[in-house]
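S.K.: Shown below is the structure under consideration.
Protein chains in written order, with my numbering: chain A, -17 to 132; chain B, 3 to 60.
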């Protein structure tokens, strides 16, 4: 990744915490939620509010989105090293966020694809279809599934 | 009391250290921070069939 990730702490087996230090300091948390399907986890990510609740829709415009996402990818890397057979489901909390993840995956695909295989989920006429992620395509993916290959 | 960021060995203010302590206490008392996400992701995954070979194609 082109950016250096923020230092992060593992709070629990599947929970991570770091602080974004852009224009302001914003506490961030990432969590891998076990799903009904075996070895499958939802990567959830958001801002930690002062009352301890989570905001995963807030657009903070903190000026460090790439560094924040580099940190999340670093966390993903660490988690999948300890759970090499895990399949990670990622869906943005809003359409804009999913688009942002799409752009990030496209930008860093040459690097990312050395370690991970990415499946994009298409949503056409309310029918979902998983296909191999194509960084050259301009189709809009609804969500992503990521698995470590190396 | 001050909190030391071990990675950078940088001291942070008492106020900030106190905020972090509250954050950590709050999040440590919760099993999951995103309870609503699980049902949504499970529903989504139940609607698709994933061919394991899809991950092997390049």
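Just so you know, even glycine gets a beta-carbon here, dropped at the ideal spot from N, CA and C.
Between residue 81 (chain A) and chain B, is any beta-carbon pair separated by less than 9 angstroms?
M.R.: It does not; no Cβ of chain B falls within 9 angstroms.
S.K.: So, helix, strand or coil for residue -2 (chain A), using DSSP?
M.R.: Looking at residue -2 (chain A) - three-state DSSP - the assignment turns out to be strand.
S.K.: Using the C-alpha atoms, what's the distance from residue 5 (chain A) back to residue 45 (chain A)?
M.R.: Distance between the alpha carbons of residue 45 (chain A) and residue 5 (chain A): 6 angstroms.
S.K.: Output the residue ranges of the alpha helix (DSSP H) runs that lie fully inside the segment 66 to 107 of chain A and measure 4 residues or longer, sorted by chain position.
M.R.: Those alpha helix (DSSP H) runs which fall completely within the segment 66 to 107 of chain A and span 4+ residues are 77 to 89, 91 to 94.
S.K.: Please state the DSSP three-state secondary structure of residue 3 (chain B).
M.R.: Because the pLDDT at residue 3 (chain B) is just 43, under 50, the model does not fix this residue reliably, and the point stays unresolved.
S.K.: Check the Cβ-Cβ distances between residue 89 (chain A) and every residue of chain B, and say whether any is below 9 angstroms.
M.R.: Not one chain B Cβ lies under 9 angstroms of residue 89 (chain A).
S.K.: For residue 112 (chain A), count neighbouring C-beta atoms within 10 Å of its own C-beta (all shown protein chains included) and say buried if the count is 16 or more, exposed if not.
M.R.: Looking at its Cβ environment, which holds 16 or more other Cβ atoms inside 10 Å, residue 112 (chain A) is buried.
S.K.: Start and end of the alpha helix (DSSP H) containing residue 42 (chain B)?
M.R.: Note, residue 42 (chain B): alpha helix (DSSP H), 37 to 48.
S.K.: Roughly how many whole angstroms lie between the Cα atoms of residue 57 (chain A) and residue 13 (chain A)?
M.R.: Their Cα atoms are separated by approximately 9 angstroms.
S.K.: Which residues in the same chain have their Cβ closer than 6 angstroms to the Cβ of residue -2 (chain A), if we skip the five residues on either side of it in sequence?
M.R.: So the list reads -10, -8, 12, 57, once near-sequence residues are dropped.
S.K.: Looking at the strands, I want to know which residues DSSP matches up with residue 60 (chain A).
M.R.: Beta-bridge pairing links residue 60 (chain A) to no other residue.
S.K.: Measure how close the beta-carbons of residue 26 (chain A) and residue 37 (chain A) come, nearest whole angstrom, since I'm counting them as under 8 angstroms.
M.R.: Residue 26 (chain A) to residue 37 (chain A), Cβ: 12 angstroms. No contact.
S.K.: Mapping DSSP to helix, strand and coil, what is residue 30 (chain A)?
M.R.: Three-state result, residue 30 (chain A): strand.
S.K.: What did DSSP end up calling residue 110 (chain A) once you bin it into helix, strand or coil?
M.R.: Looking at residue 110 (chain A) - three-state DSSP - the assignment turns out to be strand.
S.K.: Are residue 35 (chain B) and residue 17 (chain A) closer than 9 angstroms when you measure CB to CB?
M.R.: No. Outside cutoff.
S.K.: Please report the straight-line C-alpha distance between residue 4 (chain B) and residue 53 (chain A), rounded to a whole angstrom.
M.R.: Note that residue 4 (chain B) scores a pLDDT of 46, beneath 50, so its modelled location is shaky; the value from the coordinates is reported in the next line. If you take the alpha carbons of residue 4 (chain B) and residue 53 (chain A), they lie about 25 angstroms apart.
S.K.: Cα separation between residue 63 (chain A) and residue 130 (chain A)?
M.R.: Those two C-alpha atoms are separated by around 8 angstroms.
S.K.: What residues in the segment 1 to 18 of chain A have a beta carbon less than 7 angstroms from any beta carbon of chain B?
M.R.: From the segment 1 to 18 of chain A, only 9, 11, 13, 15, 17, 18 have a Cβ closer than 7 angstroms to chain B.
S.K.: DSSP three-state label for residue 19 (chain A), please.
M.R.: In this structure, residue 19 (chain A) counts as coil in the three-state DSSP scheme.
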